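Report on the structure given below.
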Amino acid sequence: MPDGVSLDDLLPRLRQLLGDRGILTEPADTAPYCEDWRRLYRGHTPAVLRPATTAELAAAVGLCAAHGAAIVPQGGNTSMVGGAAVAEDGSQLVLSLARMNRVRTIDTVDMTMEIEAGVVLKAAQEAADEAGCLLPLSISSEGSAQIGGVLATNAGGNNTVRYGNARDLVLGLEVVLPDGQVWNGLRRLHKDNTGYCLRQLFVGSEGTLGIITAAVLKLWPRPRELAVALCAVPSADAALELFGRCQRHDAAAIQAFEYMSGAGMELVLRHIPGAALPLSGPAAHYVLVEFATPRDGADLKAELEDVLGRAMADGLIGDAVIAESGAQRAAIWKLREEHSEAQKRAGASVKNDISVPVSKVPELIRRARAACEALVPGIVCVPFGHLGDGNIHFNLVQPPAADAAAFLARDHELMDAVNAVVRDLDGSFSAEHGIGRLKPYMMPEWRGGAELELMRRIKQALDPLGLLNPGKLLP
Ligand code: MLT
Ligand code: ZN
Numbered sequence: 035m036p037d038g039v040s041l042d043d044l045l046p047r048l049r050q051l052l053g054d055r056g057i058l059t060e061p062a063d064t065a066p067y068c069e070d071w072r073r074l075y076r077g078h079t080p081a082v083l084r085p086a087t088t089a090e091l092a093a094a095v096g097l098c099a100a101h102g103a104a105i106v107p108q109g110g111n112t113s114m115v116g117g118a119a120v121a122e123d124g125s126q127l128v129l130s131l132a133r134m135n136r137v138r139t140i141d142t143v144d145m146t147m148e149i150e151a152g153v154v155l156k157a158a159q160e161a162a163d164e165a166g167c168l169l170p171l172s173i174s175s176e177g178s179a180q181i182g183g184v185l186a187t188n189a190g191g192n193n194t195v196r197y198g199n200a201r202d203l204v205l206g207l208e209v210v211l212p213d214g215q216v217w218n219g220l221r222r223l224h225k226d227n228t229g230y231c232l233r234q235l236f237v238g239s240e241g242t243l244g245i246i247t248a249a250v251l252k253l254w255p256r257p258r259e260l261a262v263a264l265c266a267v268p269s270a271d272a273a274l275e276l277f278g279r280c281q282r283h284d285a286a287a288i289q290a291f292e293y294m295s296g297a298g299m300e301l302v303l304r305h306i307p308g309a310a311l312p313l314s315g316p317a318a319h320y321v322l323v324e325f326a327t328p329r330d331g332a333d334l335k336a337e338l339e340d341v342l343g344r345a346m347a348d349g350l351i352g353d354a355v356i357a358e359s360g361a362q363r364a365a366i367w368k369l370r371e372e373h374s375e376a377q378k379r380a381g382a383s384v385k386n387d388i389s390v391p392v393s394k395v396p397e398l399i400r401r402a403r404a405a406c407e408a409l410v411p412g413i414v415c416v417p418f419g420h421l422g423d424g425n426i427h428f429n430l431v432q433p434p435a436a437d438a439a440a441f442l443a444r445d446h447e448l449m450d451a452v453n454a455v456v457r458d459l460d461g462s463f464s465a466e467h468g469i470g471r472l473k474p475y476m477m478p479e480w481r482g483g484a485e486l487e488l489m490r491r492i493k494q495a496l497d498p499l500g501l502l503n504p505g506k507l508l509p
């Protein structure tokens, strides 16, 4: 704890406020909250707070502020950049949103849902689906990630190409400020020009400015038809050309356009039980394309067949399969969504979550691969991700026989080499995972000058004591 913070006084008061279910202090109970999904950080905390309501959470934050105690807000703890990692020195309390998990309302006329921060993304999608609607946010970790974290990091995901990032889906927010005040901005208006757009300040702020406790999200009509295909393509250039053709055919129908490399697919097939390649043989590059429409009788499958058939005739596709059932669709998506898990099982990995203009994706993949292979012979480059919006996860897996720790020790060197290419192509070093604890050191180089200075001033204005998620986002 920072100097002057008396836990002996604070913890009993928090227990009194939150009840026994609302606070964990035994190391065996707090341990799961102290390690991130990638196992990059293992911290220590004197307590995990688990409020059940906004009022409880606000009172707990107010109490912590009065005692000068730092807080790390935590949702599903699935961050790829240590965004919810707690410090090693026991100086920070974890604040878990998991018990605030109610879908408050779904309005099928306004096409909105009001939802608490601790709802798991998958459960939110299912609730929307039951109401005949679509919540289009979809990410690989949706079975664990919670709405609060997804919004706090402005997650992108598989459907950004059609529906935008998380921030594009947010109409309203409820936020607990660092001093314990509640800002209720749970409006569901599409037009509301009343000064600064505060909700967008908190979306993507990674829990450093306030704690998102609830949100109003936009919904869409549930698609009546979906058609998904897996294609083997000869190059990343062919993948890009295929994307252009799909856009020219019917841009509005494209719900996802994902790229995968042969190396990544190979890891999935090797490490993920039940994964199978539904093509005649392995390829160097793959595309997953999904069309969706709320229209009846659109026959999207025939449309997809038509686009892919012509691309095949022109040599842009070597082999392709279109899912014939929901089970086949899920099996194709599994090959894509298990990429991170497969890499985790293959050994140590360094992740680059980067974006470039869509037209530059093939060049990015080529040049970043050359840079990494020059640095670490035998390295396994696993580029994959959201080609349709220019966001590629240029992930790197250790050479099979290498020492994991020695490989990880070179993470900055590898990330910097990839980032040099990204910079040259007018891209970003952080496209959807955020900055977290892993990347603040990159901020001065990429966002220095007026931009970083403005961010610091905003942080100072909202959290002058620096109690919310210390050590994240800002260097
Ligand atoms: C994904 O799209 O699956 C992720 O954002 C994952 C990753 O970088 O490993
Ligand atoms: Zn992604």
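Just so you know, we're using the numbering used here here: the sequence shown kicks off at 35 and counts up by one.
Using N, Cα and C, we set each Cβ at its ideal position, and we do this for glycine too.
This one's a predicted model, so the numbers in the text were calculated from it and none came from an experiment.
{"Query": "Under DSSP, the alpha helix (DSSP H) around GLU375 begins and ends at which residues?", "Result": "373-380"}
{"Query": "Give me the DSSP bridge partner(s) of GLN108.", "Result": "SER130"}
{"Query": "Should the stretch 449-458 be called in touch with the stretch 52-64, which here means at least 3 C-beta pairs below 8 Å?", "Result": "no"}
{"Query": "Between GLY419 and the ligand ZN, is the CB less than 6 Å from at least one heavy atom?", "Result": "yes"}
{"Query": "Looking at ASN135: is its Cβ nearer than 7 Å to the Cβ of GLU150?", "Result": "yes"}
{"Query": "Quick check on LYS225: buried or exposed, where buried means 16 or more other Cβ atoms within 10 Å of its Cβ?", "Result": "exposed"}
{"Query": "What is the residue span of the beta strand (DSSP E) that HIS420 lies within?", "Result": "414-420"}
{"Query": "Where do the ends of the beta strand (DSSP E) carrying TYR320 lie?", "Result": "319-327"}
{"Query": "Just to check, is the beta-carbon of LYS368 closer than 6 Å to a non-hydrogen atom of the ligand MLT?", "Result": "no"}
{"Query": "Is the beta carbon of ALA380 closer than 7 Å to that of LEU502?", "Result": "no"}
{"Query": "Can you give me the C-alpha to C-alpha distance between ALA451 and GLY461, rounded to a whole angstrom?", "Result": "14 Å"}
{"Query": "Hey, ALA261 and LEU168 are a contact pair by Cβ (cut 8 Å); roughly how many whole angstroms apart?", "Result": "Not quite, the Cβ-Cβ distance comes to about 16 Å (not below 8 Å), so this is no contact."}
{"Query": "Do the stretch 200-214 and the stretch 249-263 make contact, defined as three or more Cβ pairs closer than 8 Å?", "Result": "yes"}
{"Query": "Quick one: which unbroken alpha helix (DSSP H) runs of 4-plus residues sit fully inside the stretch 120-165? Chain order, please.", "Result": "155-164"}
{"Query": "For ILE469, which of helix, strand or coil comes out of DSSP?", "Result": "coil"}
{"Query": "Is ALA161 closer than 7 Å to VAL137 when the C-beta atoms are compared?", "Result": "yes"}
{"Query": "Taking 6 Å as the cut-off, is the C-beta of SER295 nearer than that to any heavy atom in the ligand MLT?", "Result": "no"}
{"Query": "Is the separation between the beta-carbon of ALA287 and that of THR242 shorter than 7 Å?", "Result": "no"}
{"Query": "Taking the C-alpha atoms as reference points, what is the distance between ASP213 and GLY219?", "Result": "17 Å"}
{"Query": "Looking only at DSSP bridge pairs, what is GLN180 linked to?", "Result": "VAL154"}
{"Query": "State the CB to CB distance for the pair PHE441 and ALA382, rounded to an integer number of angstroms; the pair is presumed to be in contact (CB under 8 Å).", "Result": "5 Å"}
{"Query": "Kindly provide the ranges of any alpha helix (DSSP H) runs that are 4 or more residues long and lie completely inside the stretch 251-305, ordered along the chain.", "Result": "270-284, 296-305"}
{"Query": "Could you compute how far the alpha carbon of TYR320 sits from the alpha carbon of GLN159?", "Result": "27 Å"}
{"Query": "Less than 6 Å between the CB of SER174 and some heavy atom of the ligand MLT, yes or no?", "Result": "yes"}
{"Query": "Which runs of the beta strand (DSSP E) fall wholly inside the stretch 348-411 and span at least 3 residues, in chain order?", "Result": "353-356, 387-389"}
{"Query": "Use the C-beta contact count for HIS101: other C-beta atoms within 10 angstroms, 16 or more gives buried, fewer gives exposed.", "Result": "buried"}
{"Query": "Let me check understanding here. Comparing Cα to Cα, which of LYS385, SER393, ALA92 lies closest to GLU447?", "Result": "LYS385"}
{"Query": "Touch check for the stretch 341-353 and the stretch 265-281: three-plus C-beta pairs under 8 Å?", "Result": "yes"}
{"Query": "Quick one: residues in its chain with C-beta nearer than 6 Å to the C-beta of ILE140, no 5 flanking neighbours on either side, listed in chain order?", "Result": "MET147, ALA165"}
{"Query": "DSSP state of ARG221, grouped into three classes?", "Result": "coil"}
{"Query": "Compare the C-alpha of LEU91 against each of TYR75, GLN108, MET299 and name the closest.", "Result": "GLN108"}
{"Query": "Alpha carbons only, please: which of PRO474, CYS68, ALA357, ARG282 is nearest the one belonging to GLU259?", "Result": "ALA357"}
{"Query": "Taking the alpha-carbon of ASP144 as reference, which of CYS68, GLN432, ARG221, ALA99 has the nearest alpha-carbon?", "Result": "ARG221"}
{"Query": "Using 6 Å as the cut-off, classify the Cβ of HIS427 as near or not near the heavy atoms of the ligand MLT, replying yes or no.", "Result": "yes"}
{"Query": "Got a sec? Which residues, its chain only, sit under 6 Å from GLU372 by beta carbon, not counting five neighbours each side?", "Result": "VAL302, ILE306"}
{"Query": "CA-CA distance, GLY308 and GLU176?", "Result": "20 Å"}
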